[in-house]
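Using numbering that gives the first Met the number 0, you'd call the opening residue of the sequence shown number 0 and step up by one each time. Just so you know, even glycine gets a beta-carbon here, dropped at the ideal spot from N, CA and C. Notes follow once the structure below has been shown.
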Amino acid sequence: MKLTRRYRFSASHRLHAPSLSGDDNARIYGKCNNPFGHGHDYMLEVVVRGPLNAGTGLVVDLRGLDDLVRREVIDAFDHRNLNADVPAFGEVVPTSENLAVEAGRRLRSAWQKRFGDAPALEKIRIHETRRNIFELSL
0 MKLTRRYRFS
10 ASHRLHAPSL
20 SGDDNARIYG
30 KCNNPFGHGH
40 DYMLEVVVRG
50 PLNAGTGLVV
60 DLRGLDDLVR
70 REVIDAFDHR
80 NLNADVPAFG
90 EVVPTSENLA
100 VEAGRRLRSA
110 WQKRFGDAPA
120 LEKIRIHETR
130 RNIFELSL
């Protein structure tokens with residue numbers, strides 16, 4: 000059985016790689032290289048897979064999942080400037096691809112302690128815009 004749970008958060012960022020020239024940053028990142036940054040209302044989808052619990056009929060304890068995602072991802076990213084407020088992006092450009100990688104890293108690092116081997120954290124998706132959705136298989 001698979002379950003997909005959705006969460007929302009808002010954050011700002013500037014896409015700028017210090018190793019690139021100003022012209023290269025402008026060419027690669029376009030308007031997302033604005034020196035003042037810009038924001039998104041992100042949607043995070045967390046996909047879990049596992050057997051149904053015979054007693055509860057659930058694949059995952061939803062309250063436990065919500066608490067874990069809130070603590071590890073939402074609280075860290077929501078209403079933050081990703082460049083300035085999230086240490087993981089001190090040296091890494093906070094693209095939505097890298098945001099998915101960091102969210103996945105945070106969830107994986109806490110998953111075993113909270114859930115053990117079942118259910119498994121299968122993937123996450125970051126919806127940046129209606130046109131841009133990033134998926135990370137874990």
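query: My guess is that L67 and Y6 are in contact by the Cβ rule of under 8 Å, so how many angstroms apart are they, rounded?; result: Wrong, their Cβ atoms sit about 11 Å apart, outside the cutoff.
query: Is it buried or exposed for F134, if we count other Cβ within 10 angstroms and need 16 for buried?; result: The identity of residue 134 in the sequence shown is Glu, whereas the question assumes Phe. Its Cβ having fewer than 16 others within 10 Å, E134 is exposed.
query: Where does S108 fall in DSSP's three states?; result: helix
query: Measuring only the C-alpha atoms, how far is A99 from V45?; result: 11 Å
query: Can you name the start and end residues of the beta strand (DSSP E) that R62 belongs to?; result: No beta strand (DSSP E) contains R62, which is instead part of the alpha helix (DSSP H) from 61-68.
query: Give me the residue from P50, G115, H39 with the minimum Cα distance to R79.; result: H39
query: Residues bridged to N80 by DSSP?; result: S11
query: Quick one: using the 10 Å Cβ neighbour count with 16 as the cut-off for buried, is F35 buried or exposed?; result: exposed
query: In chain order, what residues of the same chain lie with their CB nearer than 8 Å to the CB of F88, ignoring the 5 residues before and after it?; result: H12, L81, N82, N97, E101
query: Going straight from the alpha carbon of S18 to that of W110, what length do you get?; result: 34 Å
query: Mark H37 as exposed unless 16 or more other C-beta atoms lie within 10 angstroms of its C-beta, in which case mark it buried.; result: exposed
query: Can you tell me whether A10 is buried or exposed? The criterion is at least 16 other CB atoms within 10 Å of its CB, across all chains shown.; result: buried
query: In whole angstroms, what is the alpha-carbon distance linking A16 and Y41?; result: 22 Å
query: Per DSSP, what kind of secondary structure is F88 in: helix, strand or coil?; result: helix
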